[in-house]
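Chemist: Sharing a structure, written as structure tokens. Questions coming.
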């Protein structure tokens, strides 16, 4: 929906987000989100949050249509490694969004779970995230546990908060760390300018990633040096591994947000894989351990870049 408004005299000198929030059909916070998404124009030019308007200016906002409040079942294939009455463990493919969100109202793992499980899916996550205990990024593939009962969901969420669910990732990162093992302990929060990104912030939430170097690679044709890293999450912040590795100068190959290189066309996204998942079954107390191999994109990247194992 395109909303337009001529700025009245009493709003002369006000900020664009304030005017849009006051005169338009949105709250001020929603207006700020639209501006951050470049959906607001002032006299035909893209507006910024701090842009000041003048009386007589023309303010336009491209307001997206409201999305369904509740996710719908969709017949999307699932790679299920384990399932019982309480939970299921799936191997999520790269490219699949975990739950509906702005820009992704359907075609998600949640839609697939609703189709597969029917009514037997925990409602604790709400109508958009039923059964979802933890997430991985769209372009990261690998293991997820989903809850089918509220009992399992509550227990797994408590275990996750207590760092009792082991989540281990592998990735290909640019450069070769000198240490074989190390820990990145750096707080994370939303980037102050690029709102779709996370960043290391002094007042962010604590985030800890334990890293082990599995292999180091070098190319014979000047293609640079890369490393295969194993990353264990102690905490689980949004984009945690991606931001932490970029922060220490070893961004993940193909990462479109934090990589700042030209590898994405070779990889189809960041080469990050959730390959190992371990937890205690909330009802039986059994030891649940799962592993899945890396996608072919990892080896294809090494081959196309002409990378071979090397010493430090």
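Residue numbers (the working numbering): 1221 to 1532.
C-beta: ideal position from N, C-alpha, C; glycine also.
Quick caveat, the model's predicted, so the values are computed rather than measured.
Quick check on residue 1412: buried or exposed, where buried means 16 or more other Cβ atoms within 10 Å of its Cβ?
Modeler: When all chains shown are included, residue 1412 counts as exposed.
Chemist: Does the Cβ of residue 1222 have 16 or more other Cβ atoms within 10 Å, making it buried, or fewer, making it exposed?
Modeler: Exposed.
Chemist: Between residue 1438 and residue 1445, how many whole angstroms is the CB-CB distance? I'm expecting something under 8 Å.
Modeler: Sure, about 5 Å apart at Cβ, within 8 Å.
Chemist: What separation, rounded to the nearest whole angstrom, lies between the Cα atoms of residue 1263 and residue 1277?
Modeler: Looking at the two C-alpha atoms, the distance is approximately 6 Å.
Chemist: If you draw a straight line from the alpha carbon of residue 1292 to that of residue 1309, how long is it in whole angstroms?
Modeler: Rounded to whole angstroms, residue 1292 to residue 1309 spans 21 Å at the Cα level.
Chemist: Using three-state DSSP, classify residue 1368 as helix, strand or coil.
Modeler: If DSSP states are grouped into helix, strand and coil, residue 1368 belongs with coil.
Chemist: Can you give me the Cβ contacts of residue 1237 inside the same chain, cut-off strictly under 7 Å, excluding the 5 residues immediately before and after it?
Modeler: Hits under 7 Å: 1248, 1251, 1252, 1255 and 1269.
Chemist: By Cβ distance below 6 Å, which residues in the same chain neighbour residue 1266 in space, the five residues on each side in sequence not counted?
Modeler: Same-chain partners within the cutoff: 1258.
Chemist: With DSSP collapsed to three states, give me the class of residue 1519.
Modeler: It is helical.
Chemist: Just confirm the distance between the C-beta atoms of residue 1390 and residue 1431, as a whole number of angstroms; I'd bet it's less than 8 Å.
Modeler: Not confirmed; about 11 Å, so no contact.
Chemist: Closest to residue 1352 by C-alpha separation, out of 1498, 1330, 1339 and 1399, would be which residue?
Modeler: If we check each option's Cα against that of residue 1352, 1330 comes out closest.
Chemist: Can you tell me which of the three DSSP states residue 1294 falls into?
Modeler: Of the three classes helix, strand and coil, the one that applies to residue 1294 here is coil, per DSSP.
Chemist: Specify, as a first and last residue, the run of the beta strand (DSSP E) that residue 1436 falls within.
Modeler: Segment 1428-1439, the beta strand (DSSP E) holding residue 1436.
Chemist: Taking the straight line between their C-alpha atoms, what separation do you get for residue 1361 and residue 1465?
Modeler: Taking the straight line joining both Cα atoms gives about 18 Å.
Chemist: Threshold first: 3 residues or longer. Then list the beta strand (DSSP E) segments lying entirely within the stretch 1359-1411, N to C.
Modeler: 1361-1367, 1386-1394, 1401-1405 and 1408-1410, all fully within the stretch 1359-1411.
Chemist: Decide yes or no for the touch test of the stretch 1297-1305 against the stretch 1321-1337: beta carbon pairs closer than 8 Å, at least 3 of them.
Modeler: Judged by Cβ distances under 8 Å, the stretch 1297-1305 makes contact with the stretch 1321-1337, as three or more pairs qualify.
Chemist: Could you spell out the range, first to last residue, of the beta strand (DSSP E) harbouring residue 1300?
Modeler: From DSSP, the beta strand (DSSP E) with residue 1300 extends over 1300-1303.
Chemist: Taking all protein chains shown into account, decide if residue 1385 is buried (16 or more other Cβ within 10 angstroms of its Cβ) or exposed.
Modeler: Residue 1385 comes out buried.
Chemist: Evaluate contact between the stretch 1391-1400 and the stretch 1448-1461, counting only Cβ atoms and requiring at least three cross-stretch pairs below 8 Å.
Modeler: With the cut-off at 8 Å, the stretch 1391-1400 and the stretch 1448-1461 touch.
Chemist: For residue 1443, which of helix, strand or coil comes out of DSSP?
Modeler: Note: residue 1443 maps to coil in three-state DSSP.
Chemist: Under the three-state reduction of DSSP, which class applies to residue 1232: helix, strand or coil?
Modeler: Residue state, collapsed to three classes: coil.
Chemist: Checking 8 Å against the spacing of the C-beta atoms, do residue 1449 and residue 1428 come in under that value?
Modeler: Cβ distance not < 8 Å, so residue 1449 and residue 1428 don't count as in contact.
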